[in-house]
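Be aware that the sequence shown starts at 1163, since it is given in the numbering used here, and climbs by one per residue.
Cβ atoms here follow ideal geometry from the backbone N, Cα and C, with glycine treated the same way.
In this text the structure is predicted, and so the values were computed from the model without any measurement.
Take a look at the structure set out below.
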Amino acid sequence: MTPRITLLLGDRNGIGPELIARLLADPKTADSATVEVLGDPAVLDQGIAAAGVSPDPNGFSVTPFTPIEIIETTPGMPTEAAGREMLAMLAEGTRRVLDGKSDGVVFGPLNKEAMHKGGLTHEDEMRYLADVLDFHGTVGELNVLGGLWTTRVTSHIPLKHVADHITVDSVYDATLFAHRTLASAGFDRPRIAVAALNPHAGDGGNFGMEEIEVIAPAVEKAKAQQLAVEGPYPSDTVFVRARNGDFDAVVTMYHDQGQIAMKLMGFAEGVTVLGGLPVPVTTCGHGTGYDIVGQGAAKPGSITNAFAICTAMARARNAEAAA
């Protein structure tokens, strides 16, 4: 069954509409999925004009969705109205998957300042969507680049608190989460590396005991569940091996440990997966690009990759449901 993918324009004041326009103009998009754009048709038209492309109208459908009666586009500005629109689009798009009208969602870049102005009370859009979908399981952000996936044990907390949150259970849970999410994207037995916390993986306890007392036992616990996991590896070399194809995923201990490595490898190509949700949801690994809105300079690499990953996840989800 050909996956049905819903595209959301993202922040109307950013480069999202331009990116969606470029994605629609790529013939491979319609070849991969049945594509629906959910949003304000006028904003899509603005994105098409800014991108200077001419998508084949037969390659996608447009489902008009204007939750706010009157809203102006203010390029480069995080407005309250645009924030409310983003929240409504995210909710409607993901509900369409639960209702059987779509198989996955790809959204253009969002702006958290605008969303908070528009009423977001959650930490981020992922937790907002978990609430919208009444989902109470484990969710987490994964970053993907060139076939390499990363997730992390801790996320948006001060660096000085990271070690306090590194426990056998938290490392094991992050590793299991990575395994399950990659499996949902079609990996049969994903190869997972777990990064160390301390320099030189603790150097046998000289630079910290977390590797010996916490991370290694978590890895052994995961191995006992038949996961293909190895580590802990020094964080300055694990990504060299991963980039060379030794692993499908790396579990890092904190936010920037993985983000710096991934963005150095390809800032404009990375993808963010909202893992754990009951529906496939992906987006760009970069932001709204307020400084280049309307200049035709927005590059579609990241949104194209996000679409490909969402399509793969939707296809795997459909196959599992049919089995």
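Can you tell me the Cα-Cα spacing of residue i and residue j, whole angstroms?
i            : j            : result
residue 1204 : residue 1464 : 24 angstroms
residue 1208 : residue 1179 : 7 angstroms
residue 1381 : residue 1457 : 48 angstroms
residue 1334 : residue 1483 : 27 angstroms
residue 1187 : residue 1168 : 16 angstroms
residue 1191 : residue 1444 : 15 angstroms
residue 1406 : residue 1398 : 14 angstroms
residue 1233 : residue 1170 : 17 angstroms
residue 1291 : residue 1211 : 31 angstroms
residue 1310 : residue 1298 : 27 angstroms
residue 1308 : residue 1267 : 20 angstroms
residue 1281 : residue 1251 : 13 angstroms
residue 1274 : residue 1243 : 13 angstroms
residue 1340 : residue 1480 : 20 angstroms
residue 1427 : residue 1231 : 42 angstroms
residue 1378 : residue 1385 : 11 angstroms
residue 1288 : residue 1259 : 16 angstroms
residue 1432 : residue 1467 : 7 angstroms
residue 1387 : residue 1338 : 9 angstroms
Any idea what DSSP makes of residue i, helix, strand or coil?
i            : result
residue 1313 : strand
residue 1431 : coil
residue 1328 : coil
residue 1466 : helix
residue 1298 : coil
residue 1365 : helix
residue 1460 : coil
residue 1181 : helix
residue 1273 : coil
residue 1318 : coil
residue 1256 : helix
residue 1174 : coil
residue 1262 : coil
residue 1475 : helix
residue 1342 : helix
residue 1288 : helix
residue 1248 : helix
residue 1485 : coil
residue 1347 : coil
residue 1241 : coil
residue 1282 : coil
At a cut-off of 6 angstroms, is residue i close to the ligand FAD when judged by its beta-carbon and the heavy atoms of the ligand?
i            : result
residue 1166 : Among the ligands in the structure shown, none appear at all, so the ligand FAD cannot be discussed.
Less than 8 angstroms between the CB atoms is what I'm expecting for residue i and residue j, so what's the real figure, rounded?
i            : j            : result
residue 1271 : residue 1451 : 7 angstroms
residue 1400 : residue 1314 : Between residue 1314 and residue 1400 the Cβ distance is about 13 angstroms, and since that is not below 8 angstroms, they are no contact.
residue 1410 : residue 1344 : 6 angstroms
residue 1183 : residue 1206 : 7 angstroms
residue 1306 : residue 1439 : Contact doesn't hold; Cβ gap of about 15 angstroms is too wide.
residue 1355 : residue 1395 : 6 angstroms
residue 1181 : residue 1442 : Contact flag wrong, Cβ pair sits at about 18 angstroms.
residue 1319 : residue 1376 : Incorrect: roughly 17 angstroms between the Cβ atoms, too far for contact.
Which residues does DSSP list as the beta-bridge partners of residue i?
i            : result
residue 1168 : 1198 and 1267
residue 1303 : 1436
residue 1356 : 1413
Taking Cβ positions only, does residue i come closer than 7 angstroms to chain B?
i            : result
residue 1401 : The chain labelled as chain B is not found in the depicted structure, where only one protein chain is given.
Problem set entry | Complete runs of the beta strand (DSSP E) confined to the segment 1188–1236 [at least 3 residues] | 1196–1201 and 1223–1226
Exercise. Mind pulling the beta strand (DSSP E) runs of 3 or more residues that sit fully within the segment 1389–1455?
Worked result: 1390–1395, 1411–1414, 1433–1437 and 1443–1446
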